[in-house]
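Residue numbers for the sequence shown follow full-length UniProt numbering, so the first one is 1 and each next one is one higher. Just so it is clear, CB atoms sit at the ideal spot from N, CA and C, and this is done for glycine as well.
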Amino acid sequence: MSKHRTASHRRREPRRAWRVAEDSAGNAGLAVALTALAVTLPLVAMARDGDPATKSEHGPVSSIAASPSSGSELPDGEVAAAEGRVSRPSEPPASSVAIPERGSGRFEVAAAPSGPSEDATTYRVEVEKGVPYATKQVARFIEKTLSDDRGWAAEHRLARVDGHADLRIVLATPETADELCAPLDTDGRLSCRNGSDVVLNAWRWHFGADSYADNLSAYRRYVVNHETGHALGYPHVGCPGDGAAAPVMLQQTKGLDGCTANPWPARADLIDH
């Protein structure tokens, strides 16, 4: 977990200069001017009405949903930054999504498709009301991460449920996350595991961390695996050497210590466990 706050970057709206050609050739010039004006005015109106094409495209490049309430499916092609590929599903422009510092304190539980399998560690996914991400989509993202053979599924049987569970994985606003993580100091910007609660900070979920650059999807996979790893009994580990894939239990939000970003458990995570 990181101890520093990641400043959000200022985003500027693209400047658009609408010009009407001037022509001194009498009526012909007037016709050109009127035509240009007729095209320009609807475009200006669209920009003022918040046409997504006028929003800044800087910021996170991947997301679990096309909009906070979207019912779109998660893309299957998301991969780690360490693998050199970045998926780019659509995401609401950063300027149109606000992460409240404090939410309602009430959570929506994601419905699970079936009951738990035998001898599985069960987990329930919840999203705080007021967080602009759909509970259904967050749950699918977490389930895809925890069921991936590159992750803890290779060592542990994990099953998502919507009733009583061994673990509670929540996406919460910064102040609620701080309360759930106490007495750990998460400073409004960090995630944690506290007892049976795996607490994912919604600010960090939205903005990611410098160590993952623009691969927000991979960062989210990392933080899910890291905090769930603690719940499964794994401690923090250091970078094994310059250029090596970072262990998932390295505090990658703080930095990589010479390793390369990696959201999946590595050999160093499993030693002496």
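Query                                                                                                      : Result
C-beta atoms of R157 and D197 nearer than 7 Å                                                              : no
Limits of the unbroken beta strand (DSSP E) element including E227                                         : Careful: E227 lies outside any beta strand (DSSP E), inside the alpha helix (DSSP H) at 216 to 231.
For P247 and V223, the rounded distance between their alpha carbons                                        : 12 Å
DSSP three-state assignment for residue 321, whether helix, strand or coil                                 : No information on residue 321 is available, as it lies outside the stretch 1 to 273 that the chain covers here.
P100 vs T173 beta-carbon contact at 7 Å                                                                    : yes
Helix, strand or coil at R102 [DSSP, three-state]                                                          : coil
Rounded C-alpha distance that separates V131 from A202                                                     : 7 Å
Boundaries of the beta strand (DSSP E) in which R168 is found, first to last residue                       : 167 to 172
For R193: DSSP bridge partner residues                                                                     : V198
CA nearest to the CA of H164, picked from A111, Q251, D148, A98                                            : A111
Span of the alpha helix (DSSP H) around L270                                                               : 267 to 270
Simplified DSSP assignment, three categories, for E128                                                     : strand
H58 (DSSP reduced to helix, strand or coil)                                                                : Its pLDDT being 26, under 50, H58 is placed unreliably by the model, and nothing is read from it.
K129 and S147 closer than 7 Å at C-beta                                                                    : no
Where E118 sits in the DSSP three-state scheme                                                             : coil
A154, buried or exposed, once every other Cβ within 10 Å from all chains shown has been counted against 16 : exposed
Buried or exposed (CB count within 10 angstroms, at least 16 for buried), S114                             : exposed
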